[in-house]
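S.K.:
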Ligand SMILES: [Zn+2]
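Residue numbers (my numbering): 35 to 479.
1) The alpha helix (DSSP H) spanning residue 109 covers which residue range?
2) Whole beta strand (DSSP E) runs in the segment 286 to 358 with 3 or more residues, listed along the chain?
3) Please confirm if the segment 110 to 117 is in contact with the segment 183 to 196, defined as three or more CB-CB distances below 8 Å between the two stretches.
4) Taking the beta carbon of residue 418 as the centre, do at least 16 other beta carbons fall within 10 Å, making it buried, or is it exposed?
5) Assuming contact is defined by CB atoms lying nearer than 7 Å, are residue 95 and residue 75 in contact in what I supplied?
6) Taking residue 260 as the reference, which of 281, 46, 359, 393 has the closest Cα?
7) Please list the terminal residues of the continuous alpha helix (DSSP H) segment that includes residue 255.
8) For residue 117, tell me which candidate among 178, 79, 49 has the shortest Cα-Cα distance.
9) Under 7 Å, do residue 223 and residue 414 count as touching if we go by C-beta distance?
10) If you draw a straight line from the alpha carbon of residue 365 to that of residue 304, how long is it in whole angstroms?
11) Which same chain residues end up closer than 6 Å to residue 472 when comparing Cβ atoms and leaving out the 5 residues on each side of it in sequence?
12) Here's the rule: buried if 16 or more other CB atoms are within 10 angstroms of the residue's CB, otherwise exposed. What is residue 213?
13) My output table needs one value for residue 369: the three-state DSSP class, helix, strand or coil.
14) Is the closest heavy atom of ligand 1 to the C-beta of residue 437 under 6 Å?
15) Out of curiosity, what's the CA-to-CA distance linking residue 271 and residue 239?
16) Let me check understanding here. Comparing Cα to Cα, which of 369, 346, 371 lies closest to residue 378?
17) Would you decide whether residue 438 is buried or exposed? Buried here means 16 or more other CB atoms lie within 10 Å of its CB.
18) Where does residue 378 sit, in a helix, a strand or coil, going by DSSP?
19) Do you know offhand how far residue 461's Cα is from residue 120's?
20) Just to confirm before moving on: does the CB-CB distance between residue 425 and residue 197 stay below 7 Å?
21) Buried or exposed: which applies to residue 263, given that a residue is buried once 16 or more other Cβ atoms fall within 10 Å of its Cβ?
22) Could you tell me the distance, in whole angstroms, from the CA atom of residue 50 to the CA atom of residue 313?
23) Can you have a look at residue 412 and say buried or exposed, based on whether 16 or more other CB atoms are within 10 angstroms of its CB?
24) What number of angstroms, rounded off, separates the C-alpha of residue 233 from the C-alpha of residue 205?
25) Within the same chain, show all residues whose beta-carbon is closer than 6 Å to that of residue 101, passing over the 5 residues directly before and after it, in chain order.
26) Roughly how many whole angstroms lie between the Cα atoms of residue 369 and residue 392?
27) Taking a contact to mean a Cβ-Cβ separation below 7 Å, would you say residue 408 touches residue 290 in this structure?
28) By the three-class DSSP mapping on this structure, what secondary structure does residue 412 have?
29) Is residue 185 near ligand 1, judged by its Cβ being under 6 Å from some heavy atom?
30) Could you give the C-beta distance for residue 103 and residue 253, rounded to a whole number, given that I count them as a contact under 8 Å?
31) Do residue 333 and residue 190 have their C-beta atoms within less than 7 Å of each other?
32) In whole angstroms, what is the alpha-carbon distance linking residue 465 and residue 349?
33) If we ignore side chains and look at the alpha-carbon of each, how far apart do residue 324 and residue 316 end up?
34) Can you grab the Cα-Cα spacing for the pair residue 454 / residue 322, in whole Å?
35) Is residue 335 near ligand 1, going by C-beta to nearest heavy atom under 6 Å?
36) Below 7 Å between beta carbons: does that hold for residue 480 and residue 267?
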């Protein structure tokens, strides 16, 4: 279930083997030296890693794209392995029953990568969600993982200093990525910027205590060879964001995102978050039956409002969107932050039924209209056009004389912020100039 919700397993055996080899090199420096570990790469652009009971360690391909060498990868694996070794999992029992995916280490649970109520009831966005099996002393767990992680890392022969630099880069990335499309958010090292900073500070202190450091070993070349061709950002199998549109080349539909909304694509859902808590969510249902209005009135709206105070569904009407049969209604309800309204729209297209719910504060009429206009742009993507959407992928380039950051940025397919992407991916601080012979990662289409 966890795997499915996070894009499934990334289908590349070489990368999986490489990650496992690095993980097992670390495992040999723990009390669980030889077996009991399963390392998995998840097919999601989100930058994250987490542990699950039973020695299951997950890293995302979003994280792998961001990592620059084997020591950085090892630092993340070691941190997650400590969560597993120290049993940093929420208690089972009552709490577990309440949270379907409890039993996960803090990085995942806290950051909402796994959490969320998939039964379709109105849920708070992950950033403000506080339930869901959240461990009480999670921040301290991250500090423990930081300290012991550095110990395992350095005993396995990796330079501790790398993990400090990498953690700082992740922290900088976290702030930056909020404004950039197509690049996953960072979900690691605690929930709040403050908790993340604490974790990074703990890593820094732990590294300072290490006496020896190995800095003359090339950790970069093996890593970059292993991730050559890695898919970067969203993938056609789950839908892509291009030029302000969400496009699903396989299911062959698209719609425009409302201006100023930030999209997030998960395995079964697209969530676009806007100002003032506004949220446009797209998913599908196989429960719709013949009449779409009846589905909204009798099934969907009641299931959504089961656990909140709600008013009557109004303006329930059949209509047509993008040439497809559709129906729409408005469901008022109250949540912690006050009165809300959710426009509920179902569209039957190509045997599938898509559902949009556009949620905004009841007083935010403009936002509600903006989301309604976005839903109205839902349309079929022609086969020929669908075939032109390819995923981005990571190309490893050896720097030649005459190369420059500007040239690299121009070669990358992002419409905006290509240089910032290049610098973030490669850990290039502002003003740093490429040196001939160095390896860098470029995003290609
Ligand atoms: Zn952690």
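Backbone N, C-alpha and C define an ideal beta-carbon position, used for all residues, glycine too. Remember, predicted model here, so these are calculated numbers, not experimental data.
M.R.: To lay it out plainly:
1) Here the question's residue 109 lines up with position 75 in the chain shown. Residues 104 to 119.
2) 287 to 290, 296 to 300, 303 to 307, 313 to 319, 348 to 355
3) yes
4) Translated into positions along the chain shown, residue 418 becomes position 384. So residue 418 ends up on the exposed side.
5) As a first step, residue 95 is located in the chain shown; it is residue number 61 there, counting from the start. As a first step, residue 75 is located in the chain shown; it is residue number 41 there, counting from the start. Contact flag set, yes.
6) Looking up residue 260 in the chain shown gives position 226. Ranking the options by Cα distance to residue 260, first place goes to 46.
7) Taking the chain shown and counting its residues from 1, the one referred to as residue 255 is at position 221. Where residue 255 is concerned, the enclosing alpha helix (DSSP H) stretches over 254 to 261.
8) What you label residue 117 is simply residue 83 of the chain shown in a count that begins at 1. Closest by alpha carbon: 178.
9) The residue you call residue 223 lines up with position 189 of the chain shown. The residue you call residue 414 lines up with position 380 of the chain shown. No, these two residues do not count as a Cβ contact at 7 Å.
10) As a first step, residue 365 must be located in the chain shown, where it is residue number 331. As a first step, residue 304 must be located in the chain shown, where it is residue number 270. Approximately 20 Å, taken between the alpha carbons.
11) To locate residue 472, count along the chain shown from 1; it is residue 438. Excluding residues within five positions, the ones whose Cβ falls inside 6 Å are 433.
12) What you label residue 213 is simply residue 179 of the chain shown in a count that begins at 1. Confidence in residue 213 is poor, its pLDDT being 43 and thus under 50, which makes the residue's placement too unreliable to answer from.
13) Taking the chain shown and counting its residues from 1, one reaches residue 369 at position 335. The answer is strand: DSSP assigns residue 369 an E or B state.
14) Start at 1 with the first residue of the chain shown, and residue 437 comes out as number 403. Incorrect: residue 437 has no Cβ contact closer than 6 Å to ligand 1.
15) Against the chain shown, residue 271 aligns to sequence position 237. Against the chain shown, residue 239 aligns to sequence position 205. Roughly 42 Å between the two C-alpha positions.
16) Here residue 378 corresponds to residue number 344 of the chain shown, with the count starting at 1. Looking at the Cα atoms, 346 is the closest of the given residues.
17) Within the chain shown, the letter at position 404 stands for residue 438. Classification of residue 438: exposed, given that the 10 Å Cβ count is below 16.
18) Start at 1 with the first residue of the chain shown, and residue 378 comes out as number 344. Residue 378 falls in the strand class under three-state DSSP.
19) In the chain shown, the residue the question calls residue 461 occupies position 427. In the chain shown, the residue the question calls residue 120 occupies position 86. Rounded to whole angstroms, residue 461 to residue 120 spans 31 Å at the Cα level.
20) Your numbering for residue 425 matches position 391 in the chain shown. Your numbering for residue 197 matches position 163 in the chain shown. Taking 7 Å as the Cβ cut-off, residue 425 and residue 197 do not qualify as a contacting pair.
21) Position 229 of the chain shown, counting from 1, holds the residue named residue 263. Exposed.
22) Indexing the chain shown from 1 puts residue 50 at position 16. Indexing the chain shown from 1 puts residue 313 at position 279. Each residue's alpha carbon lies about 35 Å from the other.
23) By one-based count along the chain shown, residue 412 stands at place 378. By the 10 Å Cβ count, residue 412 comes out buried.
24) Counted from its first residue, the chain shown places residue 233 at position 199. Counted from its first residue, the chain shown places residue 205 at position 171. Cα-Cα distance, rounded: 10 Å.
25) In the chain shown, residue 101 corresponds to position 67, counting from 1. Taken in chain order, the residues that qualify are 107.
26) One-based indexing of the chain shown puts residue 369 at position 335. One-based indexing of the chain shown puts residue 392 at position 358. Approximately 15 Å, taken between the alpha carbons.
27) As a first step, residue 408 must be located in the chain shown, where it is residue number 374. As a first step, residue 290 must be located in the chain shown, where it is residue number 256. Yes, these two residues count as a Cβ contact at 7 Å.
28) Numbered from 1 along the chain shown, position 378 holds the residue referred to as residue 412. Coil at residue 412, not helix or strand.
29) For the purposes of this step, residue 185 is taken as residue 151 along the chain shown, with counting starting at 1. False, no ligand heavy atom lies under 6 Å from that Cβ.
30) Counting from one through the chain shown, the residue named residue 103 turns up at place 69. Counting from one through the chain shown, the residue named residue 253 turns up at place 219. About 4 Å separates the two Cβ atoms, so the contact holds.
31) By 1-based counting over the chain shown, the position of residue 333 is 299. By 1-based counting over the chain shown, the position of residue 190 is 156. No, Cβ-Cβ distance for residue 333 and residue 190 is not below 7 Å.
32) Taking the chain shown and counting its residues from 1, the one referred to as residue 465 is at position 431. Taking the chain shown and counting its residues from 1, the one referred to as residue 349 is at position 315. Cα to Cα, the separation comes out at about 56 Å.
33) As a first step, residue 324 must be located in the chain shown, where it is residue number 290. As a first step, residue 316 must be located in the chain shown, where it is residue number 282. Residue 324 and residue 316: Cα-Cα distance of roughly 20 Å.
34) Taking the chain shown and counting its residues from 1, one reaches residue 454 at position 420. Taking the chain shown and counting its residues from 1, one reaches residue 322 at position 288. So the two alpha carbons sit approximately 44 Å from each other.
35) Position 301 of the chain shown holds residue 335. No, ligand 1 has no heavy atom inside 6 Å of this Cβ.
36) Residue 480 cannot be examined here, being either before or after the span of the chain that is shown, 35 to 479.
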